[in-house]
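Colleague: Here the sequence shown is numbered in this note's numbering, starting from 536 and rising by one per residue.
Virtual Cβ for every residue (Gly too), placed ideally from N, Cα, C.
Keep in mind the model is a prediction, meaning the values are calculated, not measured.
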Amino acid sequence: MSLLVALDGPAAARVTLGTHHRELLALHRDLLGTTLEAVVTCRHCGTDSEFPVPAEAVLDLPAPVPGNVVAVEVGGARETFRLPTVEDLDATRGLAYDDAVRRLAVRTHVGGAAPALDSGDIARLTAAWDEADPAGDVTVDVDCVGCGVPLAVSVDPAEFVARDLDRFLDRLVREVHALATAYGWTEDAILALPTSRRRRYLELVDTRAAARSLTAVSS
Numbered sequence: 536m537s538l539l540v541a542l543d544g545p546a547a548a549r550v551t552l553g554t555h556h557r558e559l560l561a562l563h564r565d566l567l568g569t570t571l572e573a574v575v576t577c578r579h580c581g582t583d584s585e586f587p588v589p590a591e592a593v594l595d596l597p598a599p600v601p602g603n604v605v606a607v608e609v610g611g612a613r614e615t616f617r618l619p620t621v622e623d624l625d626a627t628r629g630l631a632y633d634d635a636v637r638r639l640a641v642r643t644h645v646g647g648a649a650p651a652l653d654s655g656d657i658a659r660l661t662a663a664w665d666e667a668d669p670a671g672d673v674t675v676d677v678d679c680v681g682c683g684v685p686l687a688v689s690v691d692p693a694e695f696v697a698r699d700l701d702r703f704l705d706r707l708v709r710e711v712h713a714l715a716t717a718y719g720w721t722e723d724a725i726l727a728l729p730t731s732r733r734r735r736y737l738e739l740v741d742t743r744a745a746a747r748s749l750t751a752v753s754s
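1) Roughly how many whole angstroms lie between the Cα atoms of V621 and V740?
2) Excluding the 5 residues flanking T627 on each side, which residues of the same chain have their C-beta closer than 7 Å to its C-beta?
3) Out of curiosity, what's the CA-to-CA distance linking C759 and T615?
4) Can you give me the C-alpha to C-alpha distance between E738 and L560, rounded to a whole angstrom?
5) Only counting the same chain, and skipping five residues up and downstream in sequence, which positions put a Cβ closer than 6 Å to that of H579?
6) Mapping the DSSP letters down to three states, classify L739 as helix, strand or coil.
7) Measure from the C-beta of D672 to each C-beta in chain C and report whether the shortest distance is under 8 Å.
8) In this structure, what does DSSP give as the bridge partners for S584?
9) State the CB to CB distance for the pair D656 and R642, rounded to an integer number of angstroms; the pair is presumed to be in contact (CB under 8 Å).
10) Figure out for me which residue from A697, E666, F695 has the closest Cα to the Cα of P619.
11) Pull up the CB-CB distance for E607 and A663, whole angstroms please, since I reckon it's below 8 Å.
12) Report, in whole angstroms, the separation of the C-beta atoms of G553 and P599, which I expect to be a contact under 8 Å.
13) Under 8 Å between the Cβ atoms of H644 and V593?
14) What's the C-alpha gap between E694 and R564?
15) So, helix, strand or coil for A631, using DSSP?
16) Skipping 5 residues on each side, what residues in its chain have a beta carbon closer than 7 Å to that of A717?
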């Protein structure tokens with residue numbers, strides 16, 4: 536949540552989880568243009584398996600209608616709940632699953648006090664939320680590379696998008712340093728270059744460095 540809030544302001548915390556996932560994946564696609572790779576540790580053999588997150592498939596899922604609500608039968612009555620936002624989900628941090636859903640139900644119930652939920656109510660409510668906001672649950676089927684056991688992996692795109700953006704920013708700082716050292720250009724001037732031109736200048740810097748090394752060796 537903090538990444539998109541930093542970019543888009545407080546409104547980013549008031550979107551649904553599916554919308555949050557879609558915005559993160561779109562940011563990754565637009566900035567990096569690379570496949571988003573995730574890693575899961577097999578609970579059976581402990582082997583790490585890397586797999587691609589199906590970002591385009593998630594982005595193609597239907598977005599929830601603004602103001603969308605779900606109606607669920609609870610205790611023989613029809614109760615209405617809005618879709619939880621990222622801010623709502625953040626308020627459940629540290630709670631056990633059933634307790635987290637009950638807190639979400641209190642925060643999202645429309646009209647009067649929220650009813651008490653039993654296990655069946657929780658299952659129906661979460662299923663209704665998943666149906667209305669399908670990008671909120673990013674689950675990928677993976678075969679463990681170690682033991683071959685099939686794994687259904689629930690992916691939090693925020694973790695892997697943040698990782699890739701950290702790597703991108705680190706690489707960008709290194710590129711700025713290399714070009715500023717080689718040519719004396721300012722940071723603003725370097726960042727204003729199209730990526731393709733910046734990479735071409737970096738290739739020339741590398742070529743010059745290699746030539747100097749060969750000259751030093753030959754002399």
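Modeller: Checking against the coordinates, here is how it stands:
1) 45 Å
2) Counting only Cβ-Cβ distances below 7 Å, and skipping sequence neighbours, we find A635, R638, L639.
3) Because the chain spans 536 through 754 in this model, residue 759 falls outside it and cannot be assessed.
4) The straight-line gap from Cα to Cα measures roughly 30 Å.
5) C682, V684
6) helix
7) The chain inventory of the structure shown lacks chain C, comprising one protein chain alone.
8) V575
9) 16 Å between Cβ atoms; not a contact.
10) E666
11) It is worth fixing the name first, because residue 607 is Val in this sequence and not Glu. With 8 Å as the limit, V607 and A663 qualify as a contact, their Cβ atoms being about 5 Å apart.
12) 6 Å
13) no
14) 15 Å
15) DSSP, read as helix, strand or coil, puts A631 in coil.
16) V740
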